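Visitor: Take this structure first; my questions come after.
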């Protein structure tokens, strides 16, 4: 954020004390006066302090001379998340600009990862002894698949986790339907596998992501921030589903808006719940659609849509 104090600011004008609240994590702010100048120190708004260490800011009117452009202070506690800064032009000789840059972390935003060979055995998610904490993760937890771990997800339907960090190997157990729920999944130095090329996943695997507008963002470094409700991958993610006899077909009849059925070739292995992409014959970017199969006739090729 950039704020400029106008050159029209008069010596008789008083400084302005601005307060911004924030909902995300902020470890520090950089405040710079003009683009070529040095950074302004943090926690520089002048104050008085009583015997109980309670701070009271100096008065903007009676103590005007103590205030200058860019003075600031970060308030962060259990119930207050505010950034205070001063805009003042009474002592400037030219138009001044302050630039504010927020940082979620100081230094590296991610923990160091030890390079460890993958263990020979298998850990099962449902087994408390598989976890460093000695207990199976519960709703709202930060879940860490540590480097060197070979973890198998054998829980049919998980609670909603705040974050899943994958630095080891996480594999969906290939003998039942599995639903994994989280606000953020970060495959960092590890691997996420659902089926393999040799043994495709024969059941239904779902990853459901959740998020709120004001939920804490995940930071990869101080230049890259992401929101929530996403899978971030800088490691390996591989998913192999049930092999199909054919992964594309032609429409045998035009698919129009609000149609509840479409006609394709017979003899396909479509099943209820399959998702189909309908592509256009035109160049219009918005002419495509995706639909879900409710029922399919292998003899006529008629697809009833959900």
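Residue numbers (UniProt numbering): 1 to 306. All C-beta atoms, glycine included, are put in the ideal place defined by N, C-alpha and C. Note that the coordinates shown come from a computational prediction; the quantities given were computed from them, not determined experimentally.
1) Mind the definition here: the segment 248-266 touches the segment 204-215 only if three or more C-beta pairs lie below 8 Å; say whether that holds.
2) For residue 232, which of 275, 266, 187, 197 has the nearest alpha-carbon?
3) Would you kindly work out how many angstroms separate the C-alpha atoms of residue 266 and residue 295, rounded to a whole number?
4) Would you please state the rounded distance, in angstroms, between the beta carbons of residue 172 and residue 194? I believe it to be under 8 Å.
5) Going along the chain, which residues of its own chain have a beta-carbon closer than 6 Å to the beta-carbon of residue 292, five neighbours each way excluded?
6) Quick one: what's residue 181 bridged to in DSSP?
7) Suppose contacts are defined by Cβ-Cβ distances below 7 Å. Is residue 79 in contact with residue 125 by that definition?
8) Grab the span of the beta strand (DSSP E) containing residue 5 for me, first residue to last.
9) Residue 258 to residue 244, Cα distance in whole Å?
10) So residue 300 is in the beta strand (DSSP E); what residue range does that whole segment cover?
11) At the level of alpha carbons, what is the spacing between residue 127 and residue 161?
12) Going by the CB atoms, is the gap between residue 190 and residue 168 shorter than 7 Å?
13) Hey, quick one: how far does the beta strand (DSSP E) through residue 275 stretch, first residue to last?
14) Let me know the secondary structure DSSP gives residue 287 once reduced to three states.
15) Return the residue from the list 165, 237, 302 that minimises the CA-CA distance to residue 269.
16) Taking 7 Å as the threshold (C-beta atoms), are residue 123 and residue 158 in contact?
17) Would you say residue 200 faces chain D, with C-beta separation under 7 Å as the test?
18) Leaving out five residues on either side along the sequence, give the residues of the same chain with a beta carbon under 6 Å from the beta carbon of residue 238.
19) Is DSSP giving residue 102 helix, strand or coil here?
20) Rounded to whole angstroms, what's the CA-CA distance from residue 204 to residue 177? Just pull it up for me.
21) Tell me the rounded alpha-carbon separation between residue 281 and residue 256.
22) May I have the straight-line CA-CA distance separating residue 67 from residue 102, to the nearest angstrom?
23) Is residue 88 buried or exposed, if buried means 16 or more other CB atoms sit within 10 Å of its CB?
24) Over the uninterrupted beta strand (DSSP E) stretch that includes residue 47, give me the two end residues.
25) Assuming residue 290 and residue 277 are in contact, meaning their beta carbons sit under 8 Å apart, how far apart are those beta carbons, in whole angstroms?
26) Per DSSP, what kind of secondary structure is residue 153 in: helix, strand or coil?
27) Pick out whichever of 120, 241, 112 has its Cα sitting closest to the Cα of residue 150.
28) Closest to residue 45 by C-alpha separation, out of 174, 56, 116, 99, would be which residue?
29) If you follow the beta strand (DSSP E) that residue 239 is in, where does it begin and where does it stop?
30) Among the residues of its own chain, which have a CB less than 7 Å from the CB of residue 261, if the five just before and after it don't count?
31) So for residue 170, helix, strand or coil by DSSP?
32) Using the DSSP secondary-structure output, state which residues sit across from residue 292 in a beta bridge.
Guide: Answer, in terms of the structure:
1) no
2) For the purposes of this step, residue 232 is taken as residue 232 along the chain shown, with counting starting at 1. Among 275, 266, 187, 197, the Cα nearest to that of residue 232 is on 187.
3) On the chain shown, position 266 is the one that residue 266 refers to. On the chain shown, position 295 is the one that residue 295 refers to. Spanning the two alpha carbons is a distance of roughly 13 Å.
4) Position 172 of the chain shown, counted from the start, is the residue given in the question as residue 172. Position 194 of the chain shown, counted from the start, is the residue given in the question as residue 194. Their Cβ separation, rounded to whole angstroms, is 5 Å, which keeps residue 172 and residue 194 in contact under 8 Å.
5) The count along the chain shown starts at 1 and reaches residue 292 at position 292. Cβ neighbours of residue 292 beyond the five flanking positions: 275, 306.
6) If you number the chain shown from 1, residue 181 lands on position 181. For residue 181, which the question treats as bridged, DSSP gives the partners 160, 208.
7) As a working mapping, residue 79 is identified with position 79 in the chain shown. As a working mapping, residue 125 is identified with position 125 in the chain shown. Against a cut-off of 7 Å, the Cβ pair of residue 125 and residue 79 comes out as no contact.
8) Mapped onto the chain shown, residue 5 falls at position 5. From DSSP, the beta strand (DSSP E) with residue 5 extends over 2-5.
9) By 1-based counting over the chain shown, the position of residue 258 is 258. By 1-based counting over the chain shown, the position of residue 244 is 244. Spanning the two alpha carbons is a distance of roughly 28 Å.
10) Within the chain shown, residue 300 is the residue found at index 300, counting from 1. Careful: residue 300 lies outside any beta strand (DSSP E) and carries neither H nor E.
11) Translated into the one-based positions of the chain shown, residue 127 becomes position 127. Translated into the one-based positions of the chain shown, residue 161 becomes position 161. For residue 127 and residue 161, the distance between alpha carbons rounds to 17 Å.
12) Working through the chain shown from its first residue, we reach residue 168 at position 168. Working through the chain shown from its first residue, we reach residue 190 at position 190. Yes, these two residues count as a Cβ contact at 7 Å.
13) As a first step, residue 275 must be located in the chain shown, where it is residue number 275. Per DSSP, residue 275 belongs to the beta strand (DSSP E) from 275-278.
14) As a first step, residue 287 must be located in the chain shown, where it is residue number 287. Coil.
15) By one-based count along the chain shown, residue 269 stands at place 269. Per the Cα distances, 302.
16) Position 158 of the chain shown, counting from 1, holds the residue named residue 158. Position 123 of the chain shown, counting from 1, holds the residue named residue 123. Going by C-beta atoms, residue 158 is not nearer than 7 Å to residue 123.
17) Absent from the structure: chain D. Only one protein chain is present.
18) Taking the chain shown and counting its residues from 1, one reaches residue 238 at position 238. Excluding residues within five positions, the ones whose Cβ falls inside 6 Å are 193.
19) The residue you call residue 102 lines up with position 102 of the chain shown. Note: residue 102 maps to strand in three-state DSSP.
20) Translated into positions along the chain shown, residue 204 becomes position 204. Translated into positions along the chain shown, residue 177 becomes position 177. One C-alpha to the other measures close to 5 Å.
21) Along the chain shown, one-based indexing puts residue 281 at 281. Along the chain shown, one-based indexing puts residue 256 at 256. So the alpha carbons of these two residues sit roughly 13 Å apart.
22) Position 67 of the chain shown, counted from the first residue, corresponds to residue 67. Position 102 of the chain shown, counted from the first residue, corresponds to residue 102. If I take the Cα positions, the gap works out to 22 Å.
23) Numbered from its first residue, the chain shown carries residue 88 at position 88. Result: buried.
24) Taking the first residue of the chain shown as position 1, residue 47 is located at position 47. Residue 47 -> beta strand (DSSP E) spans 47-49.
25) Start at 1 with the first residue of the chain shown, and residue 290 comes out as number 290. Start at 1 with the first residue of the chain shown, and residue 277 comes out as number 277. Sure, about 5 Å apart at Cβ, within 8 Å.
26) Walking along the chain shown from the start, residue 153 turns up at place 153. Here residue 153 sits in strand by DSSP.
27) Start at 1 with the first residue of the chain shown, and residue 150 comes out as number 150. Ranking 120, 241, 112 by Cα distance to residue 150 puts 120 first.
28) Working through the chain shown from its first residue, we reach residue 45 at position 45. Nearest option by C-alpha distance: 56.
29) In the chain shown, counting from the first residue as 1, residue 239 sits at position 239. Residues 236-239.
30) Here residue 261 corresponds to residue number 261 of the chain shown, with the count starting at 1. Closer than 7 Å at the Cβ level, and outside the excluded window around residue 261, lie 302, 303, 304, 305.
31) As a working note, residue 170 is residue 170 in the chain shown. The answer is strand: DSSP assigns residue 170 an E or B state.
32) As a working mapping, residue 292 is identified with position 292 in the chain shown. Looking at the DSSP assignment, residue 292 forms a beta bridge with 275.
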